[in-house]
Every structure is written in C-alpha cells, then in structure tokens.
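In the numbering used here, the protein residues as written are 21 to 569.
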C-alpha cells in the first residue's frame, strides 16, 4: 500500500469513509491491470493518489479556484473578492502561467499551498486577526485561486488550469455575456465535470453591460446550456466585479460552503465517483458468475476423449482379461495367450514402478486426437468462457476467453504426461487369480503323475490288476490323469466369469483415475485461469462499489 493511502487511512478515524473509497478504487485499478485500458486505469490511479494527498493536508481550508476565459473578468472578480489588486486585469495581465492565491487564515495553509504548487511570490495572506471586516471573517479558511485563462494561446496556461481544476475543492466558473456559449469551456471543462455539480458555481460577469430587461433571459439561456452539459442544479450568480453587483451573493455562496466544511469531502467524493464510473463503464456491472459444474464436466469429458481415455480404459479391460486369463487358464495351453500383445504395453502405459521412471524419457503411444475431438475441446472451452463471461464488459469477456485458451497448446503434452504417470493397477494379478494358478498347477501335476503312472502300468501289463489302487472302482492313475485334466479345464472355464468381472471393475477404477488426472490438467490449464479472471473482476467490481458508495 502506498504512503498516500496510509495517510488517507488516518483520516478514516476522523469520521470519514473517503479512505475506504480510495482503497476501493485502488484495488479496482490493481485488479484491472492487464484487462482494462491502461490509460483509463492510470487516470483512476492518479485520482486516488490526488485524493489521498489532499486528505493528508489541512482540513480547515477550502481551495476555491476561479476559472474563466480571456476577458471574462475572472481576475477582476478575484480582486473584488479579496479587496486587493492582486491580479493584473485586462491588457495588464501577465504572461506567467502561475496562479495567484489569497489565503484567509494562514495557520496550516503552507503545506496545502505547497501541494497546490503555488510559488510563495504568488501567495497573499488575509489573516482575520488583522482584517476585521465582516466579509473577511466570513471567508476564514478560504484559499482563493486566480487561475490562468483557460483559452490562452500559451500551452503552459492550459496545463496549469487543467492541473489546478483537478486539485481545487470548489470551482467558480466566470462566464462573459459575449462568450458564455463558447464550446471551449463547455466541452473541455463543464460537461466533463458533470459529476462535480455540488462543488461548482457559475458566475455571469459583466452583467452591468446587459440591459436589465434582458438579464433574466440571459441567465435562463446560461441555465439551458448548463442543463445540456448535465449540470442543471449548479447555481448561477450574475455579478459585475467593476460595480460590485452580486459580489455579496457570490461571497455568501462561497462562505456558506466553506463554513459547512464539506467542500473538500464533496470534491474528493465527486472525483472518486467520476473515476470509478469511468472504470465501471469499461468494466461492466454484471454479477460474477461461477463456473457451472455441468459445463466443467462437459469440458473434461471432451478433453478425456481427446486424450484417449476411452482407448486406455478399453486397453485396461482387455489387458486384465489377458493377464488374469493367463493366470487362471489351464497351464498346458494358457502359454499360448502369451503370444498375444498386451494392449497396455503397446500403449506404453501401466509399466508399474518403471513407468514413473520412464515418464521423463518416453511418451505414451496413445493415438493423436482426431480433428473432430480437437474441435469438440475448442467448442467446450469457448462455450465455457462465453457462459461465465456473459454480462461482463467487453474487456473482461476478452480476458476470460484469452485465459481459457492461453495454455491449450500445452494440453496434449500435459495430458500425455498425466496419463503416463497414472497407476492403472493392472501390473498385479488379483489375489484370487494367484490361488487359482497354484491350484491349476497342482491339477497339472496330478494329471502328469497320473499320466506317467498309467503309462508305466500299461507297459507292465498291470493296469487292470487288483494291485493297482482304485477310486470308486476306477484305477487311481486314470482318476489322477482324467480328473486333473477335466478339473483344470472346468476351473479355467469357470474363472472366465470372475476374469470378466475383474476386468470390468479394474477398467472402472482406471477410468476414474484417468479422469481424475484429466480433471487436474483441465483445472490447471483452463478452469483455474478462468477463475483467476473472474476473481479479478470480482475485486474490481467490489472495489468500484466501495468507491461509488
């Protein structure tokens, strides 16, 4: 936080919420960087810093700037209000671009004048202890500025007027009966400051040169122009600085506002509100929308298809069938299944612990996403971005779209890596399959013993003798031989149902794990960047709400 904002915070303890408004605008500016126009944000930042700077200075003085065109009688009005010939008038006006200042009550004003950039040689103090006139006492706390002519041919004069118009707590615009409709003042100053109506007064000078019967009509015409500028409620005071007409009314208007001690606050609030409104117009006022779960799910489904998750899941099921079938099949013929290629090995997936070691050196052999699959991913990403940015300003819609697609080029590599590192759990056969394998080998051993025994008995001619052990009237060697073969085949056939169920279960587990990996990648590359933009928009929206409150 800047030092000026720390100064502004101190004023909050004095019963004002302007510090919170400044902080709100500041946070909106920071969050809007990179999304909203830099020039607009720089302008808003400057407003916040100016407001904070003003709050650090005297709260007992009100800066009143008198501005007008050449020949409007601005300096004559200034001199009439001060009761001194402080500003040269007419052809005697100096060419300097400095403003002149007259201060009623010098205590605490020095730092304020320094902040205003008024050189000491252009400062005059009217201390109420020395000036006892009633009007001077009423002006206690006023810092009256005579600004250069805003229509001067000197560029430095324009710059000085523009600078002090931004700093003055109250503005008195002096118009000339001959040039009060001049577009220069209406288009350059009055209309752009329509949010500052509460800190402005319009003076129609040289009213003595206008016939009395036409004065009301002229004031009405000035009112019409002000209404066109968006300033229908700004007071209009007809005066003649030369003859003193209306000066008491003008002085009373200034004095009443200064006495209320509200001008500084009102001006700063108007500045902050005007800057916040400009940012809000560019940013939009739509409510922040959360990413819909169904939209995110549709995106992840499209990404999963493009990444080849269905292909891997199918390979998991087929690989499990192959491996578990090899473990539970009749060993005499199950070795033939070893000649079939393992679907997962062909994809370079589920290599166990070796898989994690090789992920940095090798890639999976998943098929590349088809054009249709890539188009579906692009469509889902765009749809997601359009959905959550609906109602936001154009800059935010663009920033959300940019965030959603900014890392799509990394999608394939990240998915490939994520899938390669996913433990599919297929490198280990089920425990029950291991037991069946042991049982199958016992049956094979029994059948082998029965075969050798039977052959020996046949060769010796004693197969049918009473000396041959029998089981249920059948020679035991034949029981071992036939029983081992039949039971092995029946066990292999029976285990097919368990193998199929296991394959489906492992495929489901693999699908869940793979989609979990896809979820993490989609979150990292698409969802989180979009959510970051929405969060930034929320900060801007809340900050502007604080500044406009």
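Every residue gets a Cβ at the ideal spot worked out from N, C-alpha and C, and that includes glycine.
Residue 407 is positioned such that its CB atom lies closer than 8 Å to that of residue 312.
If you draw a straight line from the Cα of residue 205 to the Cα of residue 212, it is about 10 Å long. Looking at the backbone, the Cα of residue 524 and that of residue 337 are separated by about 6 Å. Taking 8 Å as the cut-off, the Cβ atoms of residue 255 and residue 222 count as close.
Cβ atoms of residue 185 and residue 84 stay farther apart than 8 Å, at about 12 Å. The three-state secondary structure of residue 549, taken from DSSP, is helix. Between residue 341 and residue 495, the C-beta gap is not smaller than 8 Å, which leaves the two residues out of contact. By the Cβ test, the region 494 to 512 is in contact with the region 462 to 470, since at least three Cβ pairs between them sit closer than 8 Å. DSSP places residue 87 outside any alpha helix (DSSP H); the residue lies instead in the beta strand (DSSP E), whose first and last residues are 82 to 88. Residue 284 sits buried, since 16 or more C-beta atoms from the chains shown fall within 10 Å of its C-beta. Taking the Cα positions, residue 118 is about 20 Å away from residue 70. Within its own chain, the residues whose Cβ lies closer than 6 Å to the Cβ of residue 315, once the five positions on either side in sequence are excluded, are 404, 407, listed in chain order.
A direct Cα-Cα distance of roughly 18 Å separates residue 568 from residue 56. In the structure shown, residue 212 falls within a helical segment according to DSSP collapsed to helix, strand and coil. In this structure, residue 89 lies near residue 171, with their beta-carbon atoms less than 8 Å apart. A distance of 8 Å or more separates the beta carbons of residue 563 and residue 416. Considering only 448, 534, 451, 216, the residue with the shortest C-alpha distance to residue 334 is 534.
The alpha helix (DSSP H) runs of length 4 or more contained entirely in the region 223 to 296 are, from start to end of the chain, 232 to 248, 267 to 279. Counting of Cβ neighbours within 10 angstroms places residue 473 among the buried residues, the total reaching 16 or more.
Buried is the label assigned to residue 166, since at least 16 other Cβ atoms lie within 10 Å of its Cβ. Per DSSP, residue 520 is one residue of the alpha helix (DSSP H) stretching across 496 to 542. In the DSSP secondary-structure assignment, residue 462 is not bridged to any residue. Around the CB of residue 92, 16 or more other CB atoms lie within 10 Å, so the residue is classed as buried. Within the same chain, and ignoring the five residues on either side of residue 296 in sequence, the residues whose Cβ sits closer than 6 Å to its Cβ are 45, 564, 567, 568. For the pair residue 546 and residue 409, the CB atoms are not nearer than the 8 Å cut-off.
Counting along the chain, residue 162 sits inside the beta strand (DSSP E) bounded by residues 162 to 166. Secondary structure at residue 199: coil, using DSSP grouped into helix, strand and coil. In this structure, the alpha-carbon of residue 241 lies about 13 Å from that of residue 257. Leaving aside the five residues that flank residue 214 on each side, the residues in its chain whose CB is nearer than 7 Å to its CB run, in chain order, 249, 250, 251. Between residue 161 and residue 82, the gap from beta carbon to beta carbon is short of 8 Å. The beta carbon of residue 527 is closer than 6 Å to those of 333, 336, 337 in its chain, skipping five residues each way along the sequence. Per DSSP, the beta bridge partners of residue 193 are 87, 222. Residue 549 counts as buried, since at least 16 other C-beta atoms from the protein chains shown sit within 10 angstroms of its C-beta.
For residue 388, the secondary structure class from DSSP, reduced to helix, strand or coil, is coil.
In this structure, the CA atom of residue 307 is about 27 Å from the CA atom of residue 397. For residue 121, the enclosing beta strand (DSSP E) covers residues 120 to 123.
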